[in-house]
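Take a look at the structure below.
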Amino acid sequence: MKHILGIETSCDDTGIALIKGNEIIENIVLKQEHKSGVIPEYAAREHHIALSLEVEKIIKKHQKPDLIAYTQGPGLIGSLFVGACFAKGFAYSAKIPSIGVNHLEAHIILPHYIENVPFPYLCLLISGGHTMIVLVKEIGCYEIFSQSLDDAVGEVFDKVARNIGLAYPGGPEIEKEAKKALNLNFFEFPRAMENNDDFSFSGLKTAAIRQINKEATPQKKADFCYAFQNHVAEMLADKMERINSKIGGIPSWVASGGVAANQAIKGKLNQKALKNNANFFIPPPQLCTDNGLMIAVLGKFRFEKFGKTDLSLRPSAQSRLI
Ligand code: KG4
Ligand code: ZN
């Protein structure tokens with residue numbers, strides 16, 4: 072399989088990438104404008120327009136792909152259907168195979184492609200919809216050791232940010248505000264499930280929202296963002312250490328998903344990996360958030376390993392990793 076086109080339409084960003092083996096030929100992400108949270112129908116319409124225009128440009132500039140991979144789920148069902156219909160229609164007319172892949176698996180596998188991280192590795196997946204620690208044994212073979220029992224960490228960043236008047240998505244906004252902090256120890260937060268493998272973030276979200284609101288001064292908001300981000304980073308790093316010890320020490324750690332773009336979280340995880348004698352890798356920020364490259368990459372690995380294509384595969388909002 073030479074050229075592989077990957078398209079990602081699970082939420083509000085349209086990702087399109089073209090790869091050839093280890094070469095990344097194109098990787099573009101078209102960000103949509105949503106004021107305080109994603110409006111599903113608007114997201115689906117925008118994907119439709121973006122895909123039609125951008126895929127044509129890429130193919131004209133380079134060449135027709137030999138395989139097209141798309142996100143089968145999980146995600147917003149309307150957005151997923153736009154991507155799946157586009158990919159299947161394209162595949163049919165171009166007489167090439169199509170392959171639907173899992174969005175979570177794509178986040179988890181990308182570090183293996185871009186940095187050649189060897190299997191097995193311990194992956195902290197932190198996105199807008201999911202929080203989990205997964206042992207990645209090989210393509211298609213995963214063991215989940217930890218998950219959030221309620222909110223995903225990215226969702227908490229978004230809600231906490233909205234509460235103090237920051238724009239959507241809230242994670243990058245909180246990171247920006249945190250850089251202006253002066254009083255680093257003013258805010259304190261609860262920590263749930265410390266002696267448990269799983270995560271829980273809903274108590275933290277409520278506690279964070281109760282401590283501050285839109286009326287606070289800019290300095291108070293910045294101090295709050297610093298403390299909140301730092302607290303989350305410590306929770307994540309401590310849980311990685313706990314799971315790593317439980318399994319018996321995994322020499323390679325990675326983090327992926329939108330929240331892994333956060334440099335404070337990256338720093339804390341890095342320290343923790345060092346302490347546990349593990350090599351640690353996080354993709355560059357633009358590859359932590361949703362992108363078409365990870366879909367093309369997973370399509371490539373799955374097609375090489377399992378060879379399956381699937382015109383009958385249906386998009387699924389609830390699609391699970393395993
Ligand atoms: O992986 P992703 O792009 O989409 C999902 O699969 O959900 O993750 C999006 C999430 C959002 O909640 C966003 O606020 C968060 O990632 N995020 C961040 C940062 N950049 C994106 N959270 C914290 N710090 C960031 N720099
Ligand atoms: Zn994602």
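Convert by adding 71 to the 1-based position in the sequence shown; the result is the number in the numbering used here.
Where is the CB? At the ideal position from N, CA and C, for every residue including glycine.
Met221: which of Gly171, Leu206, Ile210 and Gly274 sits nearest, CA to CA? Here residue 221 is Asp; the residue named in the question, Met, does not match the sequence. Ranking Gly171, Leu206, Ile210 and Gly274 by Cα distance to Asp221 puts Gly274 first.
Output the boundary residues of the beta strand (DSSP E) element that contains Val325. Ser323 to Ser327
Roughly how far, in whole angstroms, is the beta-carbon of Leu206 from the beta-carbon of Ile321, given that I think they are within contact range, below 8 Å? 7 Å
Three-state class that DSSP yields for Phe260 in the structure shown: coil
Using DSSP with H/G/I as helix, E/B as strand and the rest coil, what is Phe374? helix
CA nearest to the CA of Asp229, picked from Gln389, Cys194, Ser219 and Ser107: Ser107
Closest by CA to Gly328, which one among Gln342, Lys310, Leu358 and Ala308? Leu358
Got a sec: does the ligand ZN put a non-hydrogen atom nearer than 7 Å to the Cβ of His178? yes
May I ask you to check if the CB of Pro182 is nearer than 7 Å to at least one heavy atom of the ligand KG4? no
Would you decide whether Ser254 is buried or exposed? Buried here means 16 or more other CB atoms lie within 10 Å of its CB. One detail in the question is off: residue 254 reads as Asn in this sequence, not Ser. Classification for Asn254: exposed.
Under 8 Å between C-beta atoms of Phe299 and Phe257: no
Cα-Cα separation between Lys208 and Ile353, rounded to whole angstroms: 18 Å
Does any heavy atom of the ligand ZN sit closer than 7 Å to the C-beta of Gly241? no
By the 10 Å Cβ neighbour count, where 16 or more other Cβ atoms means buried, how is Ile120 classified, buried or exposed? exposed
Quick one: residues in its chain with C-beta nearer than 7 Å to the C-beta of Leu138, no 5 flanking neighbours on either side, listed in chain order? Met72, Ile75, Ile167, Pro168, Ile170, Gly370 and Phe374
Nonlocal neighbours in the same chain, by C-beta distance under 7 Å from Arg116, ignoring five residues either side: none
Three CB pairs or more closer than 8 Å across the segment 179-192 and the segment 331-342: no
I believe His174 touches Pro145 by the beta-carbon criterion, under 8 Å. Please report the beta-carbon distance rounded to the nearest angstrom. 6 Å
Out of curiosity, what's the CA-to-CA distance linking Gly378 and Gln282? 53 Å
Name the two residues that bound the continuous alpha helix (DSSP H) containing Cys212. Segment Cys212 to Gln218 is the beta strand (DSSP E) holding Cys212; no alpha helix (DSSP H) there.
Just how far apart, CA to CA, sit Cys346 and Glu226? Just to set this straight, residue 346 is Lys in the shown sequence, not Cys. Near 29 Å, if we compare the C-alpha coordinates of Glu226 and Lys346.
Give the single residue among Glu214, Ile129, Ile210 and Leu147 whose Cα lies nearest to the Cα of Ile84. Reading off the sequence shown, one finds Asp at residue 84, where the question assumed Ile. Among Glu214, Ile129, Ile210 and Leu147, the Cα nearest to that of Asp84 is on Leu147.
Quiz: which residues have CB nearer than 5 Å to the ligand ZN non-hydrogen atoms: Ser198 and Asp361
Report, in whole angstroms, the separation of the C-beta atoms of Ser383 and Gln143, which I expect to be a contact under 8 Å. The Cβ separation is near 12 Å, so there is no contact.
Could I get the ranges of all uninterrupted beta strand (DSSP E) runs contained in the segment 118-155, with 3 residues as the minimum, in chain order? 138-144
Ala263 versus Lys285 - alpha carbon distance: 26 Å
Spatially closest choice to Pro356 from Gly211, Ile87, Ile197 and Ser150, by CA coordinates: Ile197
Provide the residue span of the alpha helix (DSSP H) that contains Ser316, from first to last. Pro289 to Ile318
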